[in-house]
Every structure is written in structure tokens, then in C-alpha cells.
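Taking it in order: structure first as C-alpha cells, then the write-up.
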Amino acid sequence: MARKFPVKGLAPLLCLAALVLTGCGAHRGAASAPSETTAAAAPGAAATSAAAPLASATPGYPSSMVVLGHSNATGEDSDPAQPHAVIRANSWATGTNPAVNSVYRRILSKNPAIKGHNFNLAQPSATVDALLLQARQAVTLKPEPGLFLVQIMDADIVCPATHGDYATFRSKLITALGVLARGAPHSRIFVVSQWGSPATTWKALLPAQRQQFVAGDQGGGGTGPCAFIDPRGRLVPKEAARLDTIIHGYEAQLAAGCKRVPRCTYDRGAFGRQVDKNQYISEDLNHFSVKGAAAAAAVAWAAMKQRGVIPR
Numbered sequence: 225m226a227r228k229f230p231v232k233g234l235a236p237l238l239c240l241a242a243l244v245l246t247g248c249g250a251h252r253g254a255a256s257a258p259s260e261t262t263a264a265a266a267p268g269a270a271a272t273s274a275a276a277p278l279a280s281a282t283p284g285y286p287s288s289m290v291v292l293g294h295s296n297a298t299g300e301d302s303d304p305a306q307p308h309a310v311i312r313a314n315s316w317a318t319g320t321n322p323a324v325n326s327v328y329r330r331i332l333s334k335n336p337a338i339k340g341h342n343f344n345l346a347q348p349s350a351t352v353d354a355l356l357l358q359a360r361q362a363v364t365l366k367p368e369p370g371l372f373l374v375q376i377m378d379a380d381i382v383c384p385a386t387h388g389d390y391a392t393f394r395s396k397l398i399t400a401l402g403v404l405a406r407g408a409p410h411s412r413i414f415v416v417s418q419w420g421s422p423a424t425t426w427k428a429l430l431p432a433q434r435q436q437f438v439a440g441d442q443g444g445g446g447t448g449p450c451a452f453i454d455p456r457g458r459l460v461p462k463e464a465a466r467l468d469t470i471i472h473g474y475e476a477q478l479a480a481g482c483k484r485v486p487r488c489t490y491d492r493g494a495f496g497r498q499v500d501k502n503q504y505i506s507e508d509l510n511h512f513s514v515k516g517a518a519a520a521a522a523v524a525w526a527a528m529k530q531r532g533v534i535p536r
């Protein structure tokens, strides 16, 4: 669940990973073919599944859905037997793996009409700029999605962050969400926050994993701004607090941006309030494991019910 983000003032850019920042820094070119059991649409590919007639829809539950955002929505690195591979069947949002019990599978149990209409447009390292491209593709899907799940902001985070950084992110987010709202005027949009917090993630890591964290491709050294784990694997409270504040700053933009768009609902920090656990972390320390994806699905489902996105 770690992620990478640019740290201002360092040259070249130093990418530090805040493990709890729900996941998807630039990855090692790993993007395998989507799971054959998941309806996935890659950028630029035709994405329709209109051949089969829809079953009768259950009121309140969508008959088609799509997730947009970064690699923690794709199931990347969730299978230890396939390191760094994208396993869309393990997506917390649209996955088909019963062990995950994704949002899609939960809706399927209530509304059989959604079967096979679980599109996944999320991409490794996606920024809010990529979200706009995903949104443009999403509104061309058939059948028209009744639910858009959005997990973004991860790769956009910079440290330190300025008011200008926040404003730019918010403006681009509103543009992307607006494409969804106008292109699918009967749909609902649900935006999730960033999973967990730096301090609780540090606690979830084993000592060897903390060393792996600072020595690996997440950024190395642990000495710059927002480096909340030092080179010896110890928590740096000041930097953990700094990063936490920045995360909340970006989350505030998610909330403000969503508020500007019709039928958009923010999770009000439901993901962010979670305390990470070691079992939720993939082997690359950068994504959800299957258990982590299952936890995310459960949290998203509860938040969607609470916010009235789906029936209680």
C-alpha cells in the first residue's frame, strides 16, 4: 500500500513511499493482462458487453459499474505467486475472487443484472490527469455504468505541498468527475480517501520490512521531507505528522471537488480512518494483499451504505 510521490527541493526527484497511502507509485513496468474473469477495459480498447440482455434490475443497485484510479484498484501484486502482476480479479472494487468479496460481488448478490458488467479502468501510477482520460473512456462503456468508484490522489501527492498544489489537484479532479456526471447523468460517483496513516503503517511493518522499505525502490535512505521511516527503520514522528497533514490536505480536495459535482459522494475519510495491518500489505510493500483488498471492499461497502449510495 505504499506509494511514491515527488519530494520538492531534491534533485533528481526522490520518491518516498508512505506505505499506508493506498498504493501505486511508478512501478516496475508490471502490468499483466487483466484477469479473464473480470470485465476490464484497457485504455483505447473497445469496452462493451451489451451482447447479453440485462436481467431485471433490483431497485437501488446498479446494473453496471466501473472503477477508475490507480493500481491499488487493479489488484496489482496481490498474488505472491505472480510478483508485480496486475490481478484484476483481486480488485477491492470490481474483482471476482470470492476471497476479496469486492464491491462488485456484493452488488451481484443483490442485483444479478450486474453480472459481467464490472469494468476496471484503473492504471498503475495514475495521476489526476490520467483520471480525466479514464473518465472519458468510462462514459463510453456499454451498458452505461450506474456506479463509478474513484480511488485517486496517490501519485499526485508532493511533499511539501502548497496551496497551489492543492488547488491544481482540485481543479483537475472536478474536471474529471464532471465528465462522469455529464456523460452518465443517471449514475452515482463514489470517491474514496487514502487508506490508513503513516504511523499506523509503520507499526504494521515487521522490522525486516522497515529495512526493505527504506532500502528498496520506494525511495531509499529515509532522510528527506516526509521520510517517516529513517534508514534504521525507526519512525520519524515529525515527518509522519507532516505527511499525515499533507494527506489530509489532498483529501480535503477530494471532498471539496466531489461536492461540486452532481451525484458525487465522498467517503468522508472512511478509508483514511483504517489502521493498517501487516496482512493487508503486499510483498512489494506497495499495494493491497488479497486480505487488504477484502478489508477495503468491506470499508467501502459500509461507507456507501452510510452515505446512501446503495440501499441500507
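Going by the working numbering, the sequence shown opens with residue 225, and the numbers climb by one from there. We put the CB at the ideal spot given by N, CA and C, even for glycine.
| Query | Result |
| --- | --- |
| Is it true that the CB of Val-290 sits closer than 8 Å to the CB of Leu-355? | no |
| Compare the C-alpha of Val-374 against each of Ala-518, Phe-495, Lys-515 and name the closest. | Phe-495 |
| Starting from Ile-413, follow the beta strand (DSSP E) in both directions and report where the run begins and ends. | 412-415 |
| Tell me the DSSP secondary structure of Thr-318 in three-state form. | coil |
| Closest by CA to Val-514, which one among Asn-296, Leu-292, Ala-350? | Asn-296 |
| Can you give me the C-alpha to C-alpha distance between Asn-321 and Gly-293, rounded to a whole angstrom? | 20 Å |
| Considering only residues of the segment 379-414, which uninterrupted beta strand (DSSP E) runs meet the minimum length of 3 residues and lie entirely inside it, listed in chain order? | none |
| Are the Cβ atoms of Asn-468 and Ser-421 separated by less than 8 Å? | According to the sequence displayed, residue 468 carries Asp and not Asn. Result yes, Cβ atoms of Asp-468 and Ser-421 sit closer than 8 Å. |
| Specify the secondary structure class of Tyr-285 as computed by DSSP and reduced to three states. | coil |
| Indicate whether the contact test is met: 3 or more Cβ pairs, each with one atom in the segment 408-416 and one in the segment 481-496, closer than 8 Å. | yes |
| To the nearest angstrom, how far is it from the Cα of Ser-333 to the Cα of Asn-314? | 17 Å |
| Going by the beta-carbon positions, is the gap between Ile-376 and Arg-484 smaller than 8 Å? | no |
| Among the residues of its own chain, which have a CB less than 7 Å from the CB of Gly-253, if the five just before and after it don't count? | With a pLDDT of 34 at Gly-253, under the threshold of 50, the modelled position of that residue is not reliable, and the figure given next carries that caveat. Nothing listed; no residue qualifies. |
| Here's a check: name, in chain order, each residue in its chain whose Cβ is nearer than 6 Å to the Cβ of Pro-286, leaving out the five neighbours to either side. | Gly-370, Leu-371 |
| Assuming Phe-437 and Leu-430 form a contact by the criterion Cβ under 8 Å, report the distance between their Cβ atoms to the nearest whole angstrom. | Going by Cβ atoms, the distance from Phe-437 to Leu-430 rounds to 10 Å, so no, they are not a contact pair. |
| For Ser-506, count neighbouring Cβ atoms within 10 angstroms of its own Cβ and tell me buried if that reaches 16, exposed if not. | buried |
| Helix, strand or coil: how does DSSP classify Gly-473 here? | helix |
| How is the alpha helix (DSSP H) around Tyr-328 delimited, first residue to last? | 327-334 |
| What does the alpha-carbon distance come out to for the pair Arg-536 and Gln-530? | 7 Å |
| Whose C-alpha, out of Ala-521, Gln-435, Gln-477, is nearest the C-alpha of Leu-401? | Gln-477 |
| Would you mind sorting Ala-391 into buried or exposed? The rule is 16 or more other CB atoms within 10 Å of its CB. | exposed |
| Closest to Glu-463 by CA distance: which of Tyr-474, Gly-473, Thr-447 is it? | Thr-447 |
| Going by C-alpha distance, which of Asp-508, Trp-419, Glu-368, Ala-527 is nearest Tyr-474? | Trp-419 |
| Identify whether Asn-510 lies in helix, strand or coil by the three-state DSSP scheme. | coil |
| Flag this pair as yes or no: are the beta carbons of Asp-303 and Thr-425 separated by less than 8 Å? | no |
| Report the CB separation of Cys-383 from Cys-450 in whole angstroms; it is logged as a contact under 8 Å. | 4 Å |
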